[in-house]
Amino acid sequence: MAIERTLSIIKPDATRRNLTGRINAKFEDAGLRIIAQKRIHLTKAQAGQFYAVHAERPFYDELCTFMASEPVVVQVLEGESAIAKNREVMGATNPADAAEGTIRKDFALSVGENSVHGSDAPETASVEIAFFFSGLELVG
Ligand code: ADP
Ligand code: MG
Numbered sequence: 007m008a009i010e011r012t013l014s015i016i017k018p019d020a021t022r023r024n025l026t027g028r029i030n031a032k033f034e035d036a037g038l039r040i041i042a043q044k045r046i047h048l049t050k051a052q053a054g055q056f057y058a059v060h061a062e063r064p065f066y067d068e069l070c071t072f073m074a075s076e077p078v079v080v081q082v083l084e085g086e087s088a089i090a091k092n093r094e095v096m097g098a099t100n101p102a103d104a105a106e107g108t109i110r111k112d113f114a115l116s117v118g119e120n121s122v123h124g125s126d127a128p129e130t131a132s133v134e135i136a137f138f139f140s141g142l143e144l145v146g
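Laid out in structure tokens, this is it:
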């Protein structure tokens, strides 16, 4: 077990419905610390760059349009096995498959508008954190 950092995004469907605090409470209740956080409005090009790994998927354009539609909250979560723990707290990509008590079960609207993003591995976590935050913004 090691202390890790992971990149989280509270997506436009959730910021629009004023759910930032309720989602953050789920992270904190699970022992994840929000060590950096800011609210930004991505351009579609920035969203496309962030999700470049999905460029060939049929939902890519829809995903980028959605992510640029309204502000998002980008954040760094820290804790024991933070990457896997955050994925657990988030729940399955499709809210229809998400476990009880997870963010996506409680708040997601659809497989696309599913309220949160979370890094899926240590390599993607460090790249995704560096996409949004400088070292000076990560004070622990
Ligand atoms: P996760 O966010 O759980 O890691 P993926 O990395 O597979 O899921 O997909 C990235 C995001 O793309 C999802 O969170 C969701 O917003 C969107 N997405 C995934 N699958 C679909 C789909 N079938 N239709 C529309 N949007 C999708
Ligand atoms: Mg993913």
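Heads up: take any position in the sequence shown, counting from 1, add 6, and you land on this note's numbering.
Here a beta-carbon is modelled for each residue, glycine too, at the ideal position from N, C-alpha and C.
The model shown is predicted, which means the values in this text are computed figures rather than measured ones.
Distance from the C-beta of Gly85 to the nearest heavy atom of the ligand ADP is not below 7 Å.
Of the candidates Arg23, Cys70, Gly124 and Met7, the residue whose Cα lies closest to the Cα of Phe113 is Arg23.
Boundaries of the alpha helix (DSSP H) around Glu68: Tyr66 to Met73. Relative to the ligand ADP, Glu10 has its C-beta separated by 7 Å or more from all heavy atoms. Residue pairing for Gly124: DSSP places it in a beta bridge opposite Ser14.
In terms of Cα proximity to Ala74, the closest of Leu48, Ala127, Lys91 and Ser14 is Leu48.
By the neighbour-count criterion, in which 16 or more other beta carbons inside 10 Å mark a residue as buried, Ile89 falls on the buried side.
A distance of 8 Å or more separates the beta carbons of Glu84 and Leu115. Proximity of the beta carbon of Phe137 to the ligand ADP is not indicated: no heavy atom of the ligand is located closer than 7 Å. Contact between Val82 and Ile135 holds: CB atoms are separated by about 6 Å, below the 8 Å threshold. Using a Cβ-Cβ distance cut-off of 8 Å, the segment 122 to 140 and the segment 12 to 32 are in contact, since at least three pairs of beta carbons, one from each stretch, lie closer than that value. For Val145, the closest alpha carbon among the candidates Ala42, Ile29, Lys32 and Gly124 is that of Ala42. By the 16-neighbour rule on beta-carbons within 10 angstroms, Ala31 is exposed.
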